[in-house]
Amino acid sequence: MSLAPRAVLVHRRTEYEELLARHGTHGQAAFFLSSRGRPIDEVVRRHERTRQALRDVAASVPLTWRSCQVERADLDRFLFAPEDVVVVVGQDGLVANTAKYLAGQPVVGIDTDPGRNPGVLVRHRCADTAALLRSATAPGDRTEELTMVEAVADDTQRLLALNEIYLGPAGHQTTRYRLGLDGEADPGEPQASSGVLVGTGTGATGWLRSLWLERGGAA
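If you read the sequence shown in my numbering, its first letter stands for residue 227, the second for the next number, and so on.
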């Protein structure tokens, strides 16, 4: 007998929760923000919207399914299973961060703050969750496959990313290197710059797009 699907709800701490962790109390967090010209009210409202969205998504999981929740900071220690359906509840960046830990599991992106998030990868609303979960496990249902970029170091370490990988020193100093195609005898083209950004089609909406706009389209 096959296992029932498991809905894995991925989320991250809100800005309000991070402020409380750093400053201890609501009052101290409010004082910290006010000293920087920011009211805490909107931060609290976004926190409440995010928590409510997570509750609504959790309530939409079919009763016959298994479910669990994992915080972004714990993703590298979480064991995903083949029968998982991953529901990312939050921002676009959380989808990209989650993707590198997956191996073919379907991902559903739920936008907790429509209008504030770009919604490139979190395209759906909480009310759509139940239908999306059914669709994700339906035989032959259409899904969109996204390409990832992989870097392999000379010590065999692998790095995967859904958006982009930066190749260069951490301090962005000018470095000399060669760019070439794998498997070709040609030594490659010599380059000198602060680094190279290697991106995917998905990444074209993130850092690569910012770079492209900054350079007036000459990226």
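Note that the Cβ used here is the ideal one computed from N, Cα and C, for glycine as well.
Practice item. Would you mind sorting Leu386 into buried or exposed? The rule is 16 or more other CB atoms within 10 Å of its CB. Key: In the sequence shown, counting from the first residue as 1, residue 386 sits at position 160. When all chains shown are included, Leu386 counts as exposed.
Check your understanding: Would Ala230 pass as a contact of Thr324 if the rule is Cβ separation under 8 Å?
Key -> Position 4 of the sequence shown holds residue 230. Position 98 of the sequence shown holds residue 324. Cβ distance not < 8 Å, so Ala230 and Thr324 don't count as in contact.
**Study point:** Asp339 versus Glu376, Pro416 and Val270, residue with shortest Cα-Cα distance
**Key:** If you number the sequence shown from 1, residue 339 lands on position 113. The shortest CA-to-CA distance from Asp339 to any of Glu376, Pro416 and Val270 is the one to Val270.
Review point. For Gly341, which option in Val313, Ala284, Leu305 and Arg275 has the closest C-alpha, if you only look at C-alpha atoms?
Key: On the sequence shown, residue 341 is found 115 positions in, with the first residue counted as 1. Answer by Cα proximity: Arg275.
Check your understanding: Among Gln417, His398, Gly397 and Thr400, which has the Cα closest to the Cα of Gly406?
Key -> Taking the sequence shown and counting its residues from 1, one reaches residue 406 at position 180. With distances taken between Cα atoms, Gly406 lies closest to Gln417.
Exercise for review: Under 8 Å Cβ to Cβ from Ala445, same chain only, skipping five residues before and after it: list those, please.
Suggested key: Against the sequence shown, residue 445 aligns to sequence position 219. Residue placement at Ala445 is poorly supported in this model, since its pLDDT is 48, which falls under 50; the coordinates are not used for a value here.
Check your understanding: Which of helix, strand or coil does DSSP assign to Val321?
Key -> Working through the sequence shown from its first residue, we reach residue 321 at position 95. It is helical.
Point to revise | Where the alpha helix (DSSP H) containing Asp282 begins and where it ends | key: Within the sequence shown, the letter at position 56 stands for residue 282. Taken as a continuous stretch (DSSP letters only), the alpha helix (DSSP H) holding Asp282 covers Asp267 to Ala285.
Check your understanding: Do three or more CB pairs link the stretch 346-362 to the stretch 304-322 at distances below 8 Å?
Key -> Yes: at least three Cβ pairs fall under 8 Å.
Exercise for review: Return the CA-CA distance between Arg368 and Gln331, expressed in angstroms with no decimal places.
Suggested key: Position 142 of the sequence shown, counted from the first residue, corresponds to residue 368. Position 105 of the sequence shown, counted from the first residue, corresponds to residue 331. The alpha-carbon atoms of Arg368 and Gln331 are separated by roughly 14 Å.
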